[in-house]
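Structure record follows, encoded as structure tokens.
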Amino acid sequence: MRMGNGVLPPEMLGEIFNLSLPDTPSVFSRRSLIDLCLVCKDWRDAAHLDGRLWAGINLEFTSKTQPFCYSKALVWIKRSGGRPKSLAIVTACRNFTINNCASATCSASNRALAQFLTQVPALEHLSLEVKAAQCFRNLCASMKHYSEQLDSSPRSLDSSEFPVKSLSLHVGLFTPQDPSHAGYMFESLPAVSDLQLEFPAIHPDGGHHPILFASVLGPSITVPAGRLLSPNILEPITRLSMGCNSPLRDIAAVVEPCINIKELTLDLHGFYSHGFEDHLVRQRGISLPKVCILQLRNIAPVSLDILNFLRLQSISELDVKFGSLGMVYRQILDTQYHTEPWEMFVRKHAGTLRILRMEDVDVPDAQRLSMIPANLPLLEHLVLDRVYFNTDIFHYWSSTPPTEEEGGMWFPRLKSLELLRLRTDFDPDEVFAYLRTRRPFHEEITGIGEERAVRLVFHGPPDSIQHLVMTYDPAGSRGLGRTREYSGEVLGIARALRRGGILVSLGPKFIGR
């Protein structure tokens with residue numbers, strides 16, 4: 001690849017390589033990178049100079065004897081230089097039985113893996129997926145054994161000295177031996193401030209009460225949530241992401257010790273419990289005074305009262321992704337949402353909330369004003385992604401502004417409005433009419449003859465909104481994504497908004513089925 005009489009600069013080649021290779025550093029992307037290096041010396045040198053290409057490795061081990069050249073992997077990741085490094089490891093344990101995960105057969109006991117982890121440079125992020133908690137212990141024992149052979153200080157993943165800033169731990173299942181395990185399932189982990197946890201799924205016991213973190217092997221295997229992680233792991237955490245379809249009492253047992261947490265993400269996998277014990281926990285709640293960012297994932301709209309369970313003092317960012325349940329409950333079951341907890345939560349944090357994101361929910365007309373609240377004086381970013389709602393809410397915002405004492409305008413500090421993956425029958429006219437009322441304008445004709453021109457005259461100061469994005473969902477389109485033009489009025493207002501300093505981005509308007 002040449003430019004004029006010379007080769008493209010290495011920096012430009014590095015950018016091209018980064019854009020062309022897959023984001024995930026899997027075995028396929030590694031092969032693609034090696035193929036690029038084999039093209040010519042210039043390409044190889046350019047690739048070696050760009051540390052981003054070498055900063056991540058994904059590994060999967062299916063057996064203890066699986067061949068793995070750890071020295072080559074070390075050379076690979078060290079080429080990234082001082083760039084943040086990431087490592088993802090999956091131990092599949094194909095020979096695993098429900099009664100045993102012996103070190104002699106566990107893929108996590110792979111000697112080459114232990115050699116690699118005891119010598120790997122400091123990591124920005126480590127993602128570890130194990131079949132069972134015993135696999136994690138096997139890996140730690142293997143690392144300590146190899147470290148002792150090198151006459152070096154023991155280096156293990158159950159030590160706070162392991163050099164990593166962020167850890168993701170995914171446990172596939174619990175075994176019959178786990179409930180009788182002495183102490184905590186995980187006594188110690190690297191000293192990270194960012195921890196992501198994914199625990200086994202639970203299953204109903206006789207169709208009535210959920211089992212505490214029961215494994216997929218059967219409802220008889222239980223592990224009390226309070227014995228999963230020791231407090232010395234949880235207390236330093238400032239960012240916690242937890243995925244499990246567990247009762248609230250189990251969530252409380254894990255989250256409550258995180259006294260320094262500032263950012264909390266809960267993925268409920270659509271589960272919701274109405275058991276008596278959960279009712280008591282819900283009434284008591286858990287206090288997390290330092291949390292300022294709350295993210296909820298895969299939460300059923302009918303279970304929004306989890307917001308009452310979380311006793312938070314001031315939230316600056318609320319991000320709720322309902323997932324498929326956000327659509328199913330409305331379209332199939334025609335369920336009316338209980339929005340009181342949502343209204344109370346948003347009202348409580350209206351004085352601090354700056355970012356609100358909602359995704360994957362079909363909002364009933366009766367709840368549109370409560371689900372998409374407008375009385376948020378400090379809100380700066382509003383993102384509605386695949387949120388189906390009646391557009392007359394914009395007419396309401398235009399026709400019923402708050403009093404001057406209340407600010408005189410809904411969303412007075414809004415900087416960015418993103419309406420993403422809209423339904424194909426969504427009418428943009430109301431949106432643009434609303435934006436026009438925020439800063440009215442009119443056209444004036446100046447000059448005569450050839451000097452005649454149309455000039456926009458804006459009323460009042462510039463709007464706080466700086467960016468508008470609208471996209472339609474191609475999944476609901478007819479045929480091969482057929483599109484149609486926006487109305488002349490919409491395009492005219494869009495041009496005026498751009499001249500007024502607003503960045504307006506309009507995606508294709510797909511024709512519905």
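Position one of the sequence shown corresponds to residue 1 (full-length UniProt numbering), numbered consecutively onward.
Ideal Cβ positions, reconstructed from N, Cα and C, are used throughout, including at glycine.
Does DSSP classify T483 as helix, strand or coil? strand
Report buried or exposed for D425, applying the criterion of at least 16 other Cβ atoms within 10 angstroms of its Cβ. exposed
Classification of F276 by the beta-carbon crowding that lies within 10 angstroms, buried from 16 upward: At F276 the pLDDT is 46, less than 50, meaning the model places this residue with poor confidence and gives no usable figure here.
Only counting the same chain, and skipping five residues up and downstream in sequence, which positions put a Cβ closer than 8 Å to that of N5? Low confidence applies to N5: its pLDDT is 45, below 50, so where it sits in the model is not reliable, and the reading given next is rough at best. Cβ within range, chain order: n/a, list empty.
What are the partner residues of Y472, as DSSP defines its beta bridges? L422
Residue environment, C93, which counts as buried when at least 16 other CB atoms sit within 10 Å: buried
I want to know whether the segment 362 to 372 touches the segment 381 to 391 - three or more CB-CB distances under 8 Å. yes
Spatial distance of R439 from D473 (CA atoms): 29 Å
Where does G183 fall in DSSP's three states? coil
Since R368 and I393 are thought to touch, with beta carbons under 8 Å apart, how far apart are those beta carbons, to the nearest angstrom? 5 Å
If you count every other CB in all the chains shown that lies within 10 Å of the CB of T400, and 16 or more means buried, which is it? exposed
Find the nearest neighbour of P301 within the set F309, K321 and I57, judged by alpha-carbon distance. K321
What does L173 pair with, by DSSP beta-bridge criteria? A132
Look up G495 in the DSSP assignment and say whether it is helix, strand or coil. This sequence places Arg at residue 495; Gly is not what is there. Looking at R495 - three-state DSSP - the assignment turns out to be helix.
CA nearest to the CA of K290, picked from R284, I306, R297 and L310: L310
Following the continuous beta strand (DSSP E) through M12, name the residue where it begins and the one where it ends. Taken as a continuous stretch (DSSP letters only), M12 belongs to no beta strand (DSSP E), being part of the alpha helix (DSSP H) at P10 to S20.
Within 10 angstroms of its Cβ, does L503 collect 16 or more other Cβ (buried), or is it exposed? exposed
What's the C-alpha gap between D429 and G488? 10 Å
Give a single yes or no on whether Q134 has its beta carbon closer than 7 Å to a heavy atom of the ligand FAD. With respect to the ligand FAD, the structure shown offers nothing to examine, as it has no ligands at all.
Using three-state DSSP, classify S71 as helix, strand or coil. helix
Pick from V39, A141, D42 and K72 that is closest to R155, judged by C-alpha positions: A141
Span separating the alpha-carbon of S188 from that of S159: 6 Å
Three or more C-beta pairs below 8 Å linking the segment 174 to 191 and the segment 105 to 112: no
Between K165 and L139, what straight-line distance do the alpha-carbon atoms span, to the nearest angstrom? 19 Å
Below 8 Å on the Cβ atoms is my guess for S86 versus E124; work out the distance and round it to an integer in Å. 6 Å
Tell me the start and end of each unbroken beta strand (DSSP E) in the segment 360 to 418 that is at least 3 residues and wholly inside, in chain order. 381 to 388
Strand pairing of S287, partner residues [DSSP]: R311
Rounded to a whole number of angstroms, what is the C-alpha to C-alpha distance between L59 and R239? 25 Å
Hey, T391 and V431 are a contact pair by Cβ (cut 8 Å); roughly how many whole angstroms apart? 7 Å
Kindly indicate which three-state DSSP category L304 falls into: helix, strand or coil? coil
Let me know the secondary structure DSSP gives L126 once reduced to three states. strand
Alpha helix (DSSP H) containing R227: first to last residue? Counting along the chain, R227 falls outside any alpha helix (DSSP H), and DSSP gives it neither H nor E.
So, for G82: in the same chain, excluding its five sequence neighbours on each side, which residues have a beta-carbon less than 8 Å away from its beta-carbon? G51
Following the continuous beta strand (DSSP E) through D158, name the residue where it begins and the one where it ends. Taken as a continuous stretch (DSSP letters only), D158 belongs to no beta strand (DSSP E), as it is neither H nor E.
Can you name the start and end residues of the beta strand (DSSP E) that K321 belongs to? E317 to K321
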